[in-house]
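Heads up, the thing below is written out as structure tokens.
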Amino acid sequence: LKGWTTPLQEFCLFTPAAGIMASALAVLDLTNCNSLAFAECYPGALPALRKFIANSSGLGSVVLDGCPKLAHVQLSGCSRVHAIRLDDSHAIDTLMLFGCRQICEADVRRLLQNNGATLRHLDLNGTLGTVNIEESEIRKLCPNLEMLDARGRARKY
332 LKGWTTPLQE FCLFTPAAGI MASALAVLDL TNCNSLAFAE CYPGALPALR KFIANSSGLG
392 SVVLDGCPKL AHVQLSGCSR VHAIRLDDSH AIDTLMLFGC RQICEADVRR LLQNNGATLR
452 HLDLNGTLGT VNIEESEIRK LCPNLEMLDA RGRARKY
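At position 119 of the sequence shown the residue is numbered 450 (the numbering used here), and the sequence of numbers has no breaks.
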């Protein structure tokens, strides 16, 4: 779906209603799908998904339930993302949220709590909504971090 250009304000990905089931899909790339405002996945529709990439400026919400193998999430540059829910994902090792200026602190904290043991690479640069999550808390929740970028989380003006 990389580069999807059809204007869509709301689109639920991989739902039975859409008739699209991709149980073997390992990588979902929504880069430059700037007209896509919501990326949602029906629980259990993508059980093999390992990598989700969505560098899209229009994306506001990501809901990927039922993706237990998800290891890599890249939302860099998704400046409008305000909500992210990956409830069944507990093995994420790479979480790239660079520039997700509106992302909700509670959602990020839940991701850190659910994936702290496996998280190795975390980029929170520019995630203004996470300013209250202290670096010491991040390191406590994620003891195996090899790379942490927590710069630019405070408003400059």
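Positions of the beta carbon are idealized from the N, C-alpha and C atoms, including for glycine.
Predicted model, so just to flag it, every value in this text is computed and none were measured.
Grouping DSSP H, G and I as helix and E and B as strand, with all else coil, what is Ile423? coil
From Ile469 to Leu443, what does the alpha carbon distance come to, in whole angstroms? 7 Å
Look up Val462 in the DSSP assignment and say whether it is helix, strand or coil. coil
Under 7 Å Cβ to Cβ from Cys435, same chain only, skipping five residues before and after it: list those, please. His413, Ala414 and Gly460
Specify the secondary structure class of Ala442 as computed by DSSP and reduced to three states. Residue identity check: residue 442 is Leu in the sequence provided, not Ala. Helix, per DSSP.
Outcome for Ala370 when other beta-carbon atoms lying within 10 angstroms are tallied against a minimum of 16: buried
Which residue comes first and which comes last in the beta strand (DSSP E) that contains Ile415? Ala414 to Arg416
How is Lys437 classed by DSSP in three states: helix, strand or coil? One detail in the question is off: residue 437 reads as Ala in this sequence, not Lys. Helix at Ala437.
Nearest to Leu359 by CA position, among His421, His452 and Asn386, is which residue? Asn386
Secondary structure of Leu476, DSSP reduced to three states: coil
Chain-order list of residues whose beta-carbon lies under 7 Å from that of Gly391 (same chain, five-residue window excluded): Ala368, Phe369, Arg411, Val412 and His413
Assuming Lys400 is part of the beta strand (DSSP E), what are its boundary residues? Segment: none, Lys400 is in no beta strand (DSSP E) and carries neither H nor E.
Bridge-paired residues (DSSP) for Phe383: Leu359 and Val404
With a 10 Å radius around its C-beta and 16 neighbouring C-beta atoms as the bar for buried, classify Asn446 as buried or exposed. buried
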